[in-house]
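There are 2 protein chains.
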Amino acid sequence: MTSPVKTWEFTLPLDPAATEPLFLQIARGISGDIERGRLTAGSRLPGTRRLAAQLEVHRNTVVAAYAELIAEGWLAATRASGTFVADVTPMRSQARRVPRARARTPGFDPGRPGEHLPTADPLADGVLQMGGGIADLRLLPLATIGRRYRQVLQRNAADVLGYGHAQGHPRLLSALAAMLNDRRGLAIDNTQILVTQGTQMALDLVANTLVTPGDIVLVEALGYAPAWAVFRRYGAQIMTVALDDQGIDTDEIARIAATRRIRAVYTTPHHQYPTTSIMSPARRLALLTLAAEHRFAIIEDDYDHEFHYDGQPVLPLASRDTQAVVVYLGTLAKLLAPGFRIGYIVAPSALIDRLTAYRLMVDRQGDLPLQLTIAGLLEDGTIARHARRARKVYAARRDWLIASLQRALGSAVAYARPPGGMAIWTGVATDIDADAWVTAALAQNVAIRAGRSYAYDGHYRPYIRLGFASLDEQELALGVRRLARALKQIR
Amino acid sequence: MTSPVKTWEFTLPLDPAATEPLFLQIARGISGDIERGRLTAGSRLPGTRRLAAQLEVHRNTVVAAYAELIAEGWLAATRASGTFVADVTPMRSQARRVPRARARTPGFDPGRPGEHLPTADPLADGVLQMGGGIADLRLLPLATIGRRYRQVLQRNAADVLGYGHAQGHPRLLSALAAMLNDRRGLAIDNTQILVTQGTQMALDLVANTLVTPGDIVLVEALGYAPAWAVFRRYGAQIMTVALDDQGIDTDEIARIAATRRIRAVYTTPHHQYPTTSIMSPARRLALLTLAAEHRFAIIEDDYDHEFHYDGQPVLPLASRDTQAVVVYLGTLAKLLAPGFRIGYIVAPSALIDRLTAYRLMVDRQGDLPLQLTIAGLLEDGTIARHARRARKVYAARRDWLIASLQRALGSAVAYARPPGGMAIWTGVATDIDADAWVTAALAQNVAIRAGRSYAYDGHYRPYIRLGFASLDEQELALGVRRLARALKQIR
Chain A
690 MTSPVKTWEF
700 TLPLDPAATE
710 PLFLQIARGI
720 SGDIERGRLT
730 AGSRLPGTRR
740 LAAQLEVHRN
750 TVVAAYAELI
760 AEGWLAATRA
770 SGTFVADVTP
780 MRSQARRVPR
790 ARARTPGFDP
800 GRPGEHLPTA
810 DPLADGVLQM
820 GGGIADLRLL
830 PLATIGRRYR
840 QVLQRNAADV
850 LGYGHAQGHP
860 RLLSALAAML
870 NDRRGLAIDN
880 TQILVTQGTQ
890 MALDLVANTL
900 VTPGDIVLVE
910 ALGYAPAWAV
920 FRRYGAQIMT
930 VALDDQGIDT
940 DEIARIAATR
950 RIRAVYTTPH
960 HQYPTTSIMS
970 PARRLALLTL
980 AAEHRFAIIE
990 DDYDHEFHYD
1000 GQPVLPLASR
1010 DTQAVVVYLG
1020 TLAKLLAPGF
1030 RIGYIVAPSA
1040 LIDRLTAYRL
1050 MVDRQGDLPL
1060 QLTIAGLLED
1070 GTIARHARRA
1080 RKVYAARRDW
1090 LIASLQRALG
1100 SAVAYARPPG
1110 GMAIWTGVAT
1120 DIDADAWVTA
1130 ALAQNVAIRA
1140 GRSYAYDGHY
1150 RPYIRLGFAS
1160 LDEQELALGV
1170 RRLARALKQI
1180 R
Chain B
690 MTSPVKTWEF
700 TLPLDPAATE
710 PLFLQIARGI
720 SGDIERGRLT
730 AGSRLPGTRR
740 LAAQLEVHRN
750 TVVAAYAELI
760 AEGWLAATRA
770 SGTFVADVTP
780 MRSQARRVPR
790 ARARTPGFDP
800 GRPGEHLPTA
810 DPLADGVLQM
820 GGGIADLRLL
830 PLATIGRRYR
840 QVLQRNAADV
850 LGYGHAQGHP
860 RLLSALAAML
870 NDRRGLAIDN
880 TQILVTQGTQ
890 MALDLVANTL
900 VTPGDIVLVE
910 ALGYAPAWAV
920 FRRYGAQIMT
930 VALDDQGIDT
940 DEIARIAATR
950 RIRAVYTTPH
960 HQYPTTSIMS
970 PARRLALLTL
980 AAEHRFAIIE
990 DDYDHEFHYD
1000 GQPVLPLASR
1010 DTQAVVVYLG
1020 TLAKLLAPGF
1030 RIGYIVAPSA
1040 LIDRLTAYRL
1050 MVDRQGDLPL
1060 QLTIAGLLED
1070 GTIARHARRA
1080 RKVYAARRDW
1090 LIASLQRALG
1100 SAVAYARPPG
1110 GMAIWTGVAT
1120 DIDADAWVTA
1130 ALAQNVAIRA
1140 GRSYAYDGHY
1150 RPYIRLGFAS
1160 LDEQELALGV
1170 RRLARALKQI
1180 R
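Residue numbers (this note's numbering), protein chains in the order written: chain A, 690 to 1180; chain B, 690 to 1180.
So this is what it looks like as structure tokens:
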């Protein structure tokens, strides 16, 4: 239990009409708090004058209370310094103390356990995070962002600190719409976009709106577990579809659609997560056509659009969505940082209205001060400049990692150079156990992820995923050396 | 459609291997974008050199594309200024344009409508907000908060900008626990508290965890509609319980409990929302005893604890929760501002674990930069000082409003002076229609709320609720004058 913060005042309930004298009520209140752990051994009590003023009693009443507690052994006084909780205090009755066990389990039925997503344990100091998908926070214009946030608080308080803007601050809606129209081939206005607390909330709202128990949702055989969990939460029946270097197998989707009613397909077509494949033009056309024909939704998760290095930008399915079958999800988590919870959903406006109505029930509104801050940084080009800079840095790091892998690991690994994204989907030689490599790597202080951890069926995949964006060249070289050392341990 | 933001580059997909010449592909891409509304009339296109560099084609190719489009009437050029989208452009085929209607409704079944909470329409300028329950943002130490946020970004980036801390930043958990232990008689540690995006998310997580379809949840007959909506979302069967000046009628709860299985009771015992009654000590004891005996949860929503003006502080049910039946909800929305989304749940740690697991699926984590900022302001007493200052200001405003009401409205209204809270629950004389008064008041540019809007049964109540916290004395006097004028209109 932490010591009471000095700036807080103690509160004790008193009843002047009771038969028990006030000084004893005060004494019992203090000893009760010591028993319950509100006051810990060695804590300093307020001076008698101060407590008396606060409780609106005569100072002598508090003096008497303290004297009683000193006599009973609850408090100890030093002449100059004040009155303190004794180091060893008498415990009155067991019944008055809330047993530790009870503080863990409720006195009512705790209800259904539900599905638990794994929480990410923080890495120990010194462990290199090469698991992938994390931006380099050191590149962020944090001084600018902080300065702007402060300005927003002072200049726009009434606009951002009250209730409202559940769909998102209008300036952020406009700035995001402009970005998406200019950069990603969309043609939307403010009625077709909703700002969420990151991709996770976007998935939760979309699934809540679209999925009824038993609905079939198709997912790529390797993918993003937190999304699957959300679909399952709403009772979806999940079926997996095979992946290859052109992305999701649309022939398989066509076969499923011929006999089953598909509610939605969840896909990451830009840099498929985790394999980094880009969905080919033919597959894109096929998927859009199937969705329109069979009236299912395509939930397009475009989580790292900005980081494309080679060749022309690949525009999202949403840019060719003439039949309005795409629900497009984006986020600033990779572009800025996961800690800035700014995601968005693009969809037909009737659906945006419905999603906003659900959002009101989930958390009422997003973080408006941050939203207006980000809007300004989009409007004046700060974020665009950051994106261009980060893109160059990450492209170079991708190349550096590939060179390091060639030097240090040679034919132990195989990979296609990804044209974008923040990780390399790395095949391991047939005599290497990818799962064992991950464990051995952690013992060498480098954290990577094994292919199995992305597989819906949980089965082994001879792959590891290596992230390069958040590490500079020295760190990447160090990480690869540690990987090589780990490999020696297990091969 | 907004004009493209100047700092963004245009993106067009090109296929060098196609039979169609590159300059025509470029021309078609631009005209297609004009048709779809990505480029609006009068927008300036990039210079030929810049676009050529971006598309990695010869400049002459872009010159040819622009010339083609000028010839066809899509673009217009002025000699010095550049090339612009023409004001009147030819439309190619209807099929290529996304009809406006389609952009509203999706090409798949939009799914169940669900319950819609009313969105708060922003008030027109000049309308005094006397609907109640809003803090005065002008009292906030916004410069300090902004400065601290900026410092957190620069000093603690790695800690607050990555993934993690789904339960809440550890320093905020500790600071809130210390505040609750010192000020509200709780005895908790970090394992018994979860930070949420405001009270709404707290309600959503708790209901999600506790309520299965058909479960009975008891609510006060007058109360907080967004909470009812959340219980209904999870299939609760809501039953109302009568209120009087001692709060919720626990005899009625005992009668219900004798024959039905109650899952939870949702209550605001400190300053009952909206009637401001304080739950009496006898009722508190009765409720806790019933909950332990019948094993139902008490969801205690202590939304404005700090603002108690008269007499001793009233400690929450959670401070006497020896049987671990209370799930305690708090928020900083009234203490700071609703725009700072910081709420919390206090519960036995096994339940906190489960709530955190659900939270991960809803939005993954809260706003960590803000959480660490707030933690620092709790630790160093800034928020405590603000609370003391606001309490004094609000107490004075309560008295001022009462004096104004007496002067201006006399026997038209009746009320008990609330010992705390941010509003006065005001009875209206029998010849006054409270609903009509609300409408007439808005026409006089003052917004208040009628009793009916808090009633679960939606029936008329001869009350209005008048908030005083966010308005200074001049504004309160003005508001009351407008109320009096409105009353003359309808009486």
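The beta carbon of each residue, even a glycine, is placed where N, CA and C say it ideally should be.
Bear in mind that the values here come from a model prediction, so they are computed numbers and not experimental data.
A Cβ of chain A is located within less than 8 Å of the beta carbon of B:V849.
Minimum Cα-Cα distance from A:R922 among the listed residues A:E804, A:T898, A:A975 and A:V895 corresponds to A:E804.
Taking 8 Å as the CB threshold, A:L865 stays off the interface with chain B.
Residue-level contact by beta carbon holds for B:I823 and chain A, with a gap shorter than 8 Å. Pairwise C-beta distances place the segment 887–901 of chain A in contact with the segment 1039–1059 of chain A, as three or more of them are shorter than 8 Å.
Ranked by Cα distance from A:L911, the first of A:R1077, A:R972, A:A1139 and A:P1002 is A:A1139. A:P1005 sits away from A:R872, with the two beta carbons spaced by 8 Å or more. Within chain B, E804, L806, Q889, D893, P915, A918, V919 and R922 have C-beta atoms less than 8 Å from the C-beta of A:M1050, given in sequence order. The C-alpha of A:A1118 lies about 9 Å from the C-alpha of A:Y1152. When the Cα atoms are used, B:I823 and B:L865 turn out to be separated by approximately 22 Å. Among the residues of the segment 993–1005 of chain B, those with a Cβ less than 8 Å away from any Cβ of chain A are Q1001, P1002, V1003 and L1004, in the order of the chain. Linking A:P963 to A:T939 through their CA atoms gives a straight-line distance of about 18 Å. Around the beta-carbon of B:A813, fewer than 16 other beta-carbon atoms lie within 10 Å, marking it exposed.
Neighbours of A:T794 across chain B, judged by C-beta separation under 9 Å: A1013, P1037, S1038, A1039 and L1040. With respect to the 8 Å criterion, B:R1087 and B:F1157 are classified as neighbours on the basis of their beta carbons. Looking at the DSSP output, A:E989 shares a beta bridge with A:T956 and A:Y1017.
Beta-bridge pairing by DSSP links B:T772 to B:A766.
Its chain contains L1066 as the residues whose beta carbon lies nearer than 6 Å to that of A:I1072, once the 5 sequence neighbours on both sides are disregarded; these appear in chain order.
Residues of chain A whose Cβ lies closer than 7 Å to the Cβ of B:D798 are, in chain order, R984. Nearest CB-CB separation between A:G726 and chain B: below the 8 Å threshold. Taking 8 Å as the CB threshold, A:D1161 stays off the interface with chain B. Closest in C-alpha terms to B:H994, from the list B:I1063, B:T1020 and B:V1016, comes B:T1020. Within the same chain, and ignoring the five residues on either side of A:V816 in sequence, the residues whose Cβ sits closer than 8 Å to its Cβ are L1131, N1134, V1135 and A1136. Put simply, of A:A754, A:D776 and A:R738 the residue whose alpha carbon is nearest the alpha carbon of A:T729 is A:D776. Annotated as distal: B:P915 and B:Q886, with beta-carbon spacing of 8 Å or more. DSSP places B:E982 inside the alpha helix (DSSP H), whose first and last residues are P970 to H983. Distance from the CA of B:A760 to the CA of B:G736, rounded to the nearest whole angstrom, comes to 18 Å. For A:E941, DSSP assigns no beta-bridge partner whatsoever. For B:Y1104, not one C-beta of chain A is nearer than 8 Å to its own C-beta. For B:L883, the secondary structure class from DSSP, reduced to helix, strand or coil, is strand. For B:Q1060, no beta strand (DSSP E) segment is defined; the enclosing uninterrupted segment is the alpha helix (DSSP H) at L1057 to E1068. When CB distances to chain A are screened at a threshold of 7 Å, the residues of the segment 826–854 of chain B falling below it are L826, L831, A832, I834, G835, R836, Y838, R839, L842, Q843, A846, A847, V849, L850, G851, Y852 and G853, in chain order.
Neighbours of A:L1057 in chain B, taken as residues whose beta carbon is under 7 Å from its own, are G1028 in chain order. A:L1025 and B:T978 have their C-alpha atoms some 51 Å from each other. With contacts defined by Cβ atoms closer than 8 Å, A:L907 and B:G800 do not form a contacting pair. The beta-carbon separation of A:Y998 and A:A1007, rounded to 22 Å, does not stay under the 8 Å limit for a contact.
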